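Note sheet for the following structure.
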Amino acid sequence: MKLLAYYLPQFYPIQENNLWWEPGFTEWTNVTKARSLFKGHNQPRYPLDLGYYDLRVNETREHQALLAKQYGIYGFCYYNYWFGDGKKILDRVAREVLLSGKPDFPFCFCWANESWKGVWFGVESQKILIEQQYLGISDYQEYFYYLLDYFKDKRYVKVNGKPFFQVYKVFDIPDLADFVNTFRSLAIKEGFPGIYLVAGVSPTDPKWDPVVNGFDAVVGSEFSALRYWKRNPIRDNTNYLGRMLDKFKGRFFPEERDFNKRNKPVIIEYENAINYLISKDYFGHPYFPVCIHDWDNSPRTTSRSLIFNNSTPDLFKRHLRSGLEKVKHLQKEEQFVFLKSWNEWGEGNALEPDKKWGHEYLKVIKEELRNFSKC
């Protein structure tokens with residue numbers, strides 16, 4: 175079993191965030207402003223081992239990798255931001271990992287192909303801060319060659335020699351076939367047996383076949399479907415998650431109030447949420463579940479937040495076990511389970527130790543992997 179933890183690089187100041195928000199802005203800016211919104215609300219949260227770290231510091235990155243490895247995590251999946259026409263952001267961490275050769279820890283990329291909007295940081299404006307663009311074959315070629323040195327690195331995650339690359343929003347790419355064909359042909363041209371393309375897709379869309387569309391596998395995006403119910407075409411009640419959303423939409427996501435207009439948080443008990451975060455179905459292609467130990471983005475969005483309430487390591491153990499069960503039938507090279515996430519502190523979604531739970535969630539990972547190895 176290979177557990178890949180999503181990794182957010184937004185923990186050092188960059189020119190764009192200085193301009194949009196305030197000098198020195200990082201994800202910690204939101205984290206330190208968090209406040210409890212109701213009785214028993216687990217906010218604010220305080221990092222335990224590394225404090226309010228700066229990812230420009232190599233020792234910090236090495237400590238993170240050592241900690242993850244200690245508890246059985248196979249590697250990090252860095253969010254990668256390519257907006258088109260050579261526009262990149264928050265790429266310093268990955269670049270320094272590449273150039274320094276440290277930490278000696280597997281990694282791969284998830285192309286977070288989404289425009290940045292102020293609403294994600296709790297402001298009213300829908301103004302686009304950076305627009306995600308799709309500029310055709312020549313731009314996809316440029317993107318591939320930007321990634322090539324990473325793909326060639328011995329630490330980069332591969333499946334049968336093919337670099338593992340996730341695309342977050344495949345439905346947003348208007349010329350998806352051009353993107354797929356470009357990456358596949360260039361991977362072979364550069365000496366790889368191919369590229370292992372993974373799509374972020376909710377199983378609630380049964381009409382989209384990754385293999386037909388040139389992909390090798392999917393990462394389950396049930397959480398996105400739950401989080402953005404109003405924004406997703408999940409009206410099909412013939413599948414498990416669709417039925418759940420149809421049942422609970424009135425309670426969790428009133429139709430008259432979409433994500434950007436609601437004026438109080440949506441609170442879901444974690445024990446209930448985990449019943450719907452991994453598909454109960456099996457597919458004719460590899461499906462990699464996403465296990466989420468907690469979620470609370472109130473530090474970023476306050477009244478617009480979604481909060482999983484009362485998460486505990488014991489409940490996470492049940493959820494993780496379901497994720498591991500889901501991939502045990504796959505070939506060994508493809509037994510991936512994703513963890514969301516290693517360090518998304520601004521969304522209450524950090525496996526890194528905090529002052530409330532310490533290393534308890536990480537201990538669950540190590541214990542469950544050990545149990546599965548005995549099976």
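Numbering follows my numbering, with no gaps: position 153 of the sequence shown is 327. For glycine and all other residues, C-beta sits at the position ideal for the given N, C-alpha and C. For clarity, every value in this text was computed on a predicted model and none was experimentally measured.
In angstroms, rounded to a whole number, what distance separates the CA positions of LYS537 and ARG544? 11 Å
Could you tell me if GLU351 is buried or exposed, where buried requires 16 or more neighbouring beta carbons within 10 angstroms of its beta carbon? A small fix is needed here, since residue 351 is Ala in this sequence, not Glu. With fewer than 16 Cβ atoms within 10 Å of its Cβ, ALA351 is classed as exposed.
Start-to-end residues for the beta strand (DSSP E) that takes in LYS326: Unbroken run through LYS326 is the alpha helix (DSSP H), 311-326; no beta strand (DSSP E).
Which same chain residues, not among the five before or five after TYR361, have their C-beta less than 6 Å away from its C-beta? Going by the sequence as given, residue 361 is Ala instead of Tyr. These residues qualify, in order along the chain: GLY368, ILE369.
Entirely enclosed alpha helix (DSSP H) segments - the region 249-277, minimum 4 residues: 266-274
Using beta-carbon positions only, say whether PHE357 and VAL372 come within less than 8 Å of one another. no
Is the region 244-262 touching the region 277-287, taking contact as three or more C-beta pairs under 8 Å? Judged by Cβ distances under 8 Å, the region 244-262 makes contact with the region 277-287, as three or more pairs qualify.
In its own chain, which residues sit with a C-beta less than 6 Å from the C-beta of PRO384, not counting the 5 before and 5 after it? Excluding residues within five positions, the ones whose Cβ falls inside 6 Å are ALA373, VAL392, HIS459.
Test item: CB-CB of ASN471 and GLU443 under 8 Å: No, Cβ-Cβ distance for ASN471 and GLU443 is not below 8 Å.
Status (buried if at least 16 other CB within 10 Å, exposed otherwise) for SER477: exposed
Under the assumption that LEU177 contacts ILE539 (Cβ atoms under 8 Å), give the Cβ distance between them as a whole number of angstroms. 7 Å
Under the three-state DSSP convention, the category TYR180 falls into: strand
What are the boundary residues of the beta strand (DSSP E) that LEU513 is part of? Per DSSP, LEU513 belongs to the beta strand (DSSP E) from 510-514.
Could you work out which residue in TYR450, PHE257, LYS262, VAL331 is closest to GLN306 when comparing CA atoms only? PHE257
Just to confirm, does LEU193 get its C-beta within under 7 Å of one of the non-hydrogen atoms of the ligand MN? Of the ligands one can find in the structure shown there are none, so the ligand MN has no counterpart to examine.
With a cut-off of 8 Å on the beta carbons, I'd call TYR180 and SER515 a contact; round off their distance for me. 4 Å
Counting C-beta neighbours from all protein chains within 10 Å, is the total for HIS503 16 or more, i.e. buried, or is it exposed? exposed
Environment of GLY520 [buried if 16+ CB atoms lie within 10 Å]: buried
Simplified DSSP assignment, three categories, for GLU196: coil
Pairwise C-alpha distance: LYS207 and TRP403: Unreliable placement is indicated for TRP403, whose pLDDT of 49 sits below 50; the coordinate value is still reported in the next sentence. Rounded to whole angstroms, the gap between the alpha carbons of TRP403 and LYS207 is 28 Å.
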